[in-house]
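Trainee: So the sequence lines, in the order shown, correspond to chains R and P. For the first sequence, the positions run 1 to 118 when the numbering used here is used. For the second sequence, the positions run 119 to 235 when the numbering used here is used.
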Amino acid sequence: NAGVMQNPRHLVRRRGQEARLRCSPMKGHSHVYWYRQLPEEGLKFMVYLQKENIIDESGMPKERFSAEFPKEGPSILRIQQVVRGDSAAYFCASFPGLAEPSRYNEQFFGPGTRLTVL
Amino acid sequence: GENVEQHPSTLSVQEGDSAVIKCTYSDSASNYFPWYKQELGKRPQLIIDIRSNVGEKKDQRIAVTLNKTAKHFSLHITETQPEDSAVYFCAASIRIVPNFGNEKLTFGTGTRLTIIP
Chain R
1 NAGVMQNPRH LVRRRGQEAR LRCSPMKGHS HVYWYRQLPE EGLKFMVYLQ
51 KENIIDESGM PKERFSAEFP KEGPSILRIQ QVVRGDSAAY FCASFPGLAE
101 PSRYNEQFFG PGTRLTVL
Chain P
119 GENVEQHPST LSVQEGDSAV IKCTYSDSAS NYFPWYKQEL GKRPQLIIDI
169 RSNVGEKKDQ RIAVTLNKTA KHFSLHITET QPEDSAVYFC AASIRIVPNF
219 GNEKLTFGTG TRLTIIP
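(1) P/P152 by DSSP, collapsed to three states: which one?
(2) Who pairs with P/V205 in a beta bridge, going by DSSP?
(3) Find the residues of chain R that neighbour P/K222, judging by a C-beta separation of less than 7 Å, and give them in chain order.
(4) Taking the alpha-carbon positions, what's the P/L231 to R/E63 distance?
(5) Where does the unbroken beta strand (DSSP E) through R/V82 begin, and where does it stop?
(6) Would you say R/E134 reaches chain P, if we count a Cβ-Cβ gap shorter than 9 Å as a contact?
(7) Go through its chain and collect everything with a Cβ distance to P/L164's Cβ below 7 Å, but skip five positions before and after it.
(8) Mind listing the chain R neighbours of P/S207? Cutoff is C-beta to C-beta under 9 Å, in chain order.
(9) When you compare each of P/E221, P/I195, P/F225 and P/A204 to P/A181 by their alpha carbons, which one comes out closest?
(10) According to the Cβ coordinates, are P/D135 and P/Y150 closer than 9 Å?
(11) Compare the beta carbon distance of R/Q132 and R/F69 with 9 Å and say whether it is the shorter of the two.
(12) Quick check: what's the CA-CA separation for R/E52 versus P/Q124?
(13) Spatial neighbours of R/E57 within its chain, please: CB distance less than 6 Å, with the 5 preceding and 5 following residues excluded, ordered by chain position.
(14) Just to confirm my understanding: we take R/M60, look at its own chain, exclude 5 residues before and 5 after, and list those with CB closer than 6 Å. What are they?
(15) What number of angstroms, rounded off, separates the C-alpha of P/F191 from the C-alpha of P/K140?
(16) Please name the residue, chosen from R/G73, R/R14 and R/I55, that lies closest to R/K27 on a Cα-to-Cα basis.
(17) For the putative contact between P/S130 and P/I234, defined by C-beta atoms under 8 Å, what is the C-beta separation to the nearest angstrom?
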C-alpha cells in the first residue's frame with residue numbers, strides 16, 4: 001500500500017480555481033481507479049483508467065471533472081472551477097490486474113488528497 | 119448498477135466482546151466482497167475479502183460470511199481490542215474471468231466501530 005503515492009496530500013483552493021490531483025500507482029501496475037469520499041460518507045467510484053485509456057468514467061460528474069493516465073507519469077484528476085461541494089478526500093487505487101493473479105481483485109489505496117474549497 | 123447497504127452505521131462494543139457488521143448487495147453478478155478498515159484521516163486498508171465460491175473465510179480474530187442466495191455478507195470481529203476502533207466499509211465488485219475487466223468497487227456507507235475499554 002505504501003507504494004501508491006498521491007500528491008498533494010492536502011490542497012486548498014478558492015472557488016473557481018483549478019485543482020490537480022496526482023496518483024502514482026505501485027510499480028508495475030497499469031490500472032488506476034479514482035474514488036471520492038465526502039465527509040462522513042463512503043467512497044464513491046469516479047473513474048477507471050488504464051495507461052492512455054479511460055475505461056469507465058460513469059462516476060464522474062459530467063462537467064468540470066476530467067482524468068487522464070498518460071503513458072509516462074502519474075494519473076491526474078483535474079477539477080476545473082471548483083465549488084464548495086467538491087471538498088472531499090480523493091483516493092486513487094492501484095490495481096495489478098493480470099500482473100499478480102494471486103491478488104487479482106485487490107485494489108491498493110493511496111493515502112488520499114484532501115481537497116478543501118474555500 | 120450495484121447498490122450496497124451497510125448496517126449499523128455506528129456500533130459500540132465492550133472490549134473483549136464480538137462485533138458484527140452486515141451488508142446486503144443488489145447485483146447477483148457481484149462475486150468479490152472486500153472489507154476495508156479506515157482510521158481517521160487515513161487510507162482504507164483491506165482487512166479481509168471473500169469470493170462467491172466460498173461461504174466463510176477466517177483470519178485470526180476476523181471472519182467474513184457470505185450468503186449468495188440472500189445477497190448478504192457479514193464481518194465478524196471477535197475478542198475486540200481498542201485498536202479495532204475505526205470505520206469499516208464493505209464493498210462489492212464483479213470479477214470477470216478469465217480476462218480481467220472493470221472491477222470498480224461499490225462501497226457501503228460505513229460503520230463506525232468504537233471499542234469501550
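The beta-carbon is built from N, C-alpha and C at its ideal position, and this holds for glycine as well.
Mentor: If we stick to the structure as given:
(1) strand
(2) P/Q156 and P/R230
(3) Y33, F45, Y48 and D56
(4) 36 Å
(5) Looking at the DSSP string, R/V82 is not in any beta strand (DSSP E), and its letter there is neither H nor E.
(6) Absent from the structure is residue 134 of chain R, since the part of chain R shown begins at 1 and ends at 118.
(7) P152 and Y154
(8) A small correction: the amino acid at residue 207 of chain P is Phe; Ser does not occupy that position in the sequence shown. Here the neighbours are G42 and L43.
(9) P/I195
(10) no
(11) As displayed, chain R neither begins before 1 nor continues past 118, which places residue 132 of chain R out of reach and without an answer.
(12) 35 Å
(13) V47
(14) M46 and V47
(15) 6 Å
(16) R/G73
(17) 6 Å
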